[in-house]
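Below is one structure; the comments refer to it alone.
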Amino acid sequence: LALVQLTLLALAMASCAGGKSDKPEYVLRFGHLANRQHGWHQAAERFAEEVSRLSDGRMQVKVYPSEQLGKEMDVLTGILVGSADIMITGESLQSWSLPYAILCATPYAIRDSEHLKKVAGGPIGKEIEQHIIEGAGFKPIAWFERGARNLTANRIIRHPDDLNGMILRVPAVSLYVKTWSALGAKPTPMAFSEVFTALQQSTIHGQENPFALIKDAGLYEVQKYCMLTEHVKGWSYVVMSNKKYESLPKDLQQVIDQAAHTMQQYEHELFLRQEKIDYEHLLARGMEFIEVDKGAFRAAASSAVTASFDEGQNDLLRRIQEI
Ligand code: 2Q2
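Residues -17 to -1, 1 to 306 in mature numbering (1 follows the signal peptide of the UniProt record, and there is no 0) are what the sequence shown spells out, letter by letter.
Below is the structure:
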């Protein structure tokens, strides 16, 4: 009789807890390479909050900054084999034989913010997203405008001729290797989380990134000059496995869509505020900003890009530049 009473009591307790199990049905692992101060991380945390709220705790998102879930390329591989779920990426997708994904961060393709929004947020952006889904099985759930990429080094570089074989870290993006080789540097692909130490040990002499990552990775401690090349104005994608997304119940797919929309809007608000704050921060930390011969960088980089692009990529580049 006592056992029956105990069982009834346990059932009653479960039902008065609204039957909501504390254990989520789904846990998504969200990796990125920026640190906790970066807008990407705050946006990812907002996404996690929204997913939990909208799914009533049925789905949980765990966010791992600074490549703690793994280096960008490893996490992308992990997403396709199920050991990770979400990553912030972009031009690195070129390595998944996605020739058109590189247009999200091609040197001198995008003129300014307005142009970027029309491309990334318009029909061409949708085409690129579909290409990423069909070509590699990654589903972009959001895109983030990025600040312009600028070259940093410990010596002043005003013209491509000044590069003179400088060992320059680039992300694992073959277009960047080709472009910076054509400009006269010695490009070295490397995961972002290794850049600070490599600069500190002088195994590389420069890198190129937007102010946000230069600041958040503390690169101003090991790089004196920021050359205002603004050689890439682009955007990144938050991607998850399309197979995983399609395997979710429809209502949880809608939770992902809605939470991702909130994340994208929130991240953009942070981005608009942050560029100027990051610039001032780098200036205050002793970085010197150097005006460069942008025409010379643009001419040399653009011809390297069109030379390395195939017909389809050059056609898409032309369509982007005509908008
Ligand atoms: O320099 C870096 O590693 C980042 O700014 C990357 O450009 C970015 O994460 C890309 O690798 C996205 O594919």
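We put the CB at the ideal spot given by N, CA and C, even for glycine.
All values reported here derive from a predicted model rather than from experimental measurement.
Taking only three categories from DSSP, how would you classify C(-2)?
Your numbering for residue -2 matches position 16 in the sequence shown. For C(-2), the predicted structure reports a pLDDT of 49, less than 50, and the residue's modelled location is therefore unreliable. The matter cannot be settled from this model.
Length of the line joining the Cα atoms of Y9 and V64:
Within the sequence shown, the letter at position 26 stands for residue 9. Within the sequence shown, the letter at position 81 stands for residue 64. Each residue's alpha carbon lies about 16 Å from the other.
Mark S219 as exposed unless 16 or more other C-beta atoms lie within 10 angstroms of its C-beta, in which case mark it buried.
The sequence position of residue 219 within the sequence shown is 236, counting from 1. The residue is buried, with at least 16 neighbouring Cβ atoms inside 10 Å.
So for P48, helix, strand or coil by DSSP?
To locate residue 48, count along the sequence shown from 1; it is residue 65. Of the three classes helix, strand and coil, the one that applies to P48 here is coil, per DSSP.
State yes or no: is the C-beta of I115 within less than 8 Å of the C-beta of L81?
Your numbering for residue 115 matches position 132 in the sequence shown. Your numbering for residue 81 matches position 98 in the sequence shown. Closer than 8 Å, so yes.
Excluding the 5 residues preceding and the 5 following residue 308 in the sequence, name in chain order all residues of the same chain whose CB lies nearer than 8 Å to its CB.
Look at the range of the chain in this structure, -17 to 306, and you will see that residue 308 is not part of it.
Range of the contiguous alpha helix (DSSP H) that encloses E55
By one-based count along the sequence shown, residue 55 stands at place 72. That run of the alpha helix (DSSP H) goes 55 to 64.
Buried versus exposed, by CB contacts within 10 Å (16 or more), G148
Counting from one through the sequence shown, the residue named residue 148 turns up at place 165. Burial call: exposed.
Just verifying my parser: in three-state terms, what is the DSSP assignment at T162?
Along the sequence shown, one-based indexing puts residue 162 at 179. Note: T162 maps to helix in three-state DSSP.
When the Cα atoms are used, what is the spatial distance from I303 to G108?
For the purposes of this step, residue 303 is identified with residue 320 of the sequence shown, where counting begins at 1. For the purposes of this step, residue 108 is identified with residue 125 of the sequence shown, where counting begins at 1. Those two C-alpha atoms are separated by around 10 Å.
Anticipated Cβ contact below 8 Å, G120 with N225, distance rounded
Working through the sequence shown from its first residue, we reach residue 120 at position 137. Working through the sequence shown from its first residue, we reach residue 225 at position 242. That belief holds up - the Cβ atoms of G120 and N225 are roughly 5 Å apart, short of 8 Å.
Taking the alpha-carbon of S75 as reference, which of D68, V58, Y91 has the nearest alpha-carbon?
For the purposes of this step, residue 75 is identified with residue 92 of the sequence shown, where counting begins at 1. Among D68, V58, Y91, the Cα nearest to that of S75 belongs to V58.
Exposed or buried, I306, counting other C-beta atoms within 10 Å across all chains shown (16 or more means buried)?
Here residue 306 refers to the residue found at position 323 of the sequence shown. When all chains shown are included, I306 counts as exposed.
The segment 171 to 183 / the segment 87 to 104 touching (three or more Cβ pairs under 8 Å):
no
For the candidate residues L299, P232, A26, whose alpha-carbon lies nearest to that of L253?
In the sequence shown, counting from the first residue as 1, residue 253 sits at position 270. Residue A26 is the option with its Cα nearest to L253.
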